[in-house]
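Taking it in order: structure first as structure tokens, then the write-up.
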Amino acid sequence: MRRRLAWWLLVAEVGGCGWHGLDLALEAGAGPDGAIDRDGAGGDDDAAAAPDARADGLVARFPMDDDPALSGMVKGEPLAVSAACPTTCPAPTSEHMVGTGGYRFDGTVRVELGPILDTAAPYTITLWLAADVDLPFGSALSKPLDLSTRLNEVSLTVGNDAVTFEGTRGGLIAGPLEPGDLRGAWHHVGLVFQGGDRVLLIDGVERGRAAGPWSRSALPFAIGGDLDAGAFAFGFVGELDDLRFYARALSAAEVAAVAAER
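Residue numbers (my numbering): -13 to 248.
So this is what it looks like as structure tokens:
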């Protein structure tokens, strides 16, 4: 596990909207220029390292805060901000969002992420979450179908000892956890979309699979809450961390490898 001590800047240019996220991604021993010198001999020990295959297809990453395991560290960096985005893409405020280990949601805040990827093509979403309550249900991530109904293209809800992945007219996949295991515990979630197939993985293990039509929407992804006929609903209470979007369908082994990074 890496202890993260300094800022790196990750920039993903997506759909003409430049998304910027700040990540704490330097190990102990990093120099001021970011080089890692573990053996004390000088230079960057990772300079010749092979590229990480899991980065292939990564189009946006929202680090939010430090490693979930380092829950005692409190950070105040912005989630992600783009100058090209309208006022519907606000930066989260520390009043509601800054917590320990990830961004904390109090059930009253929903943050739109703006244009990220083409959901008509295969893609993958991964994130860490820790819910504070089992009930009521909270929406960790959603992509509304329109503003006149409560339907979603993508919906990831947490509650009743389950992580639930749902889509319009595309069925529902529920990933049950052991009773009492949801509240206050960190879990890694992977959502994989490939054609008509959807797969839900929790903590690196496949928990559900469904096939069928999948309606698409022009509305943006959002975290922290859902929309019911355009009105805020199903606020998430807990923390979210390290949200990633890949413009390809990761294999179960790749999602498990992403989960194992932490």
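Note that CB positions come from ideal geometry on N, CA and C, so glycine has one too.
Review point. In chain order, what residues of the same chain lie with their CB nearer than 6 angstroms to the CB of alanine 268, ignoring the 5 residues before and after it?
Key: Any question about residue 268 goes unanswered here, given that the chain covers just -13 to 248.
Exercise for review: Give the range of the beta strand (DSSP E) segment to which alanine 242 is assigned.
Suggested key: Taking the first residue of the sequence shown as 1, we reach residue 242 at position 256. From DSSP, alanine 242 is part of no beta strand (DSSP E) but of the alpha helix (DSSP H) over 238 to 246.
**Study point:** Residue interval of the beta strand (DSSP E) (run including valine 175)
**Key:** Your numbering for residue 175 matches position 189 in the sequence shown. Where valine 175 is concerned, the enclosing beta strand (DSSP E) stretches over 173 to 180.
**Study point:** Cβ-Cβ separation, threonine 110 to tyrosine 232 (assumed contact under 8 angstroms), whole Å
**Key:** Mapped onto the sequence shown, residue 232 falls at position 246. Mapped onto the sequence shown, residue 110 falls at position 124. At roughly 4 angstroms, the Cβ-Cβ gap stays under 8 angstroms, so tyrosine 232 and threonine 110 are in contact.
Review point. Skipping 5 residues on each side, what residues in its chain have a beta carbon closer than 6 angstroms to that of glycine 176?
Key: Within the sequence shown, numbered from 1, the residue matching residue 176 stands at position 190. Contacts found: Thr112, Leu187 and Val241.
Practice item. Could you tell me which of Gln180, Arg90 and Arg248 sits nearest to histidine 173, measuring between CA atoms? Key: Counted from its first residue, the sequence shown places residue 173 at position 187. Looking at the Cα atoms, Arg248 is the closest of the given residues.
Review point. Where arginine 184 and valine 140 are concerned, what is the direct C-alpha to C-alpha distance, given to the nearest angstrom?
Key: Reading the sequence shown from its first residue, position 198 is the one you call residue 184. Reading the sequence shown from its first residue, position 154 is the one you call residue 140. Going by the C-alpha atoms only, they are around 10 angstroms apart.
Exercise for review: Return the chain-ordered ranges of every beta strand (DSSP E) run that is complete within the region 209 to 234 and spans a minimum of 3 residues.
Suggested key: 212 to 214, 217 to 219 and 223 to 232
Review point. Taking Cβ positions, are leucine 226 and phenylalanine 123 nearer each other than 8 angstroms?
Key: Start at 1 with the first residue of the sequence shown, and residue 226 comes out as number 240. Start at 1 with the first residue of the sequence shown, and residue 123 comes out as number 137. Result no, Cβ atoms of leucine 226 and phenylalanine 123 do not sit closer than 8 angstroms.
Point to revise | Identity of the residue in Gly224, Glu98, Gly88 and Ile102 nearest leucine 44 by Cα | key: Here residue 44 refers to the residue found at position 58 when the sequence shown is read from its first residue. Among Gly224, Glu98, Gly88 and Ile102, the Cα nearest to that of leucine 44 belongs to Ile102.
Practice item. Taking 8 angstroms as the cut-off, decide whether the C-beta atoms of glycine 211 and alanine 219 are in contact. Key: As a working note, residue 211 is residue 225 in the sequence shown. As a working note, residue 219 is residue 233 in the sequence shown. Result yes, Cβ atoms of glycine 211 and alanine 219 sit closer than 8 angstroms.
Practice item. Tell me whether serine 141 sits in a helix, a strand or coil according to DSSP, three-state version. Key: Within the sequence shown, the letter at position 155 stands for residue 141. Here serine 141 sits in strand by DSSP.
**Study point:** C-beta contact flag for phenylalanine 207 and leucine 99 at 8 angstroms
**Key:** As a first step, residue 207 is located in the sequence shown; it is residue number 221 there, counting from the start. As a first step, residue 99 is located in the sequence shown; it is residue number 113 there, counting from the start. Going by C-beta atoms, phenylalanine 207 is nearer than 8 angstroms to leucine 99.
Exercise for review: Look up valine 95 in the DSSP assignment and say whether it is helix, strand or coil.
Suggested key: Position 109 of the sequence shown, counting from 1, holds the residue named residue 95. Correct three-state label for valine 95: coil.
Practice item. Compute the Euclidean distance between the alpha carbons of proline 108 and glycine 182, then round it to the nearest angstrom. Key: In the sequence shown, the residue the question calls residue 108 occupies position 122. In the sequence shown, the residue the question calls residue 182 occupies position 196. Each residue's alpha carbon lies about 10 angstroms from the other.
Exercise for review: Just mark proline 199 as buried or exposed, buried being the case when its beta carbon has 16 or more other beta carbons within 10 Å.
Suggested key: Against the sequence shown, residue 199 aligns to sequence position 213. Counting Cβ neighbours within 10 Å, proline 199 comes out exposed, since fewer than 16 surround it.
Review point. Taking C-beta to C-beta, are threonine 135 and alanine 215 nearer than 8 angstroms?
Key: The count along the sequence shown starts at 1 and reaches residue 135 at position 149. The count along the sequence shown starts at 1 and reaches residue 215 at position 229. Closer than 8 angstroms, so yes.
Point to revise | Three-state secondary structure (DSSP) of alanine 107 | key: Locating residue 107 in the sequence shown gives position 121, where the first residue counts as 1. Here alanine 107 sits in coil by DSSP.
Review point. Helix or strand or just coil, what does DSSP make of aspartate 189?
Key: Taking the first residue of the sequence shown as 1, we reach residue 189 at position 203. In this structure, aspartate 189 counts as coil in the three-state DSSP scheme.
Exercise for review: For leucine 133, collect the residues of the same chain with a Cβ closer than 6 angstroms to its Cβ; drop the 5 residues on either side in sequence, then sort them by chain order.
Suggested key: Taking the sequence shown and counting its residues from 1, one reaches residue 133 at position 147. Result list for leucine 133: Gly216, in chain order.
Check your understanding: Taking just the CA atoms, how far does alanine 235 sit from phenylalanine 179?
Key -> What you label residue 179 is simply residue 193 of the sequence shown in a count that begins at 1. What you label residue 235 is simply residue 249 of the sequence shown in a count that begins at 1. Rounded to whole angstroms, phenylalanine 179 to alanine 235 spans 6 angstroms at the Cα level.
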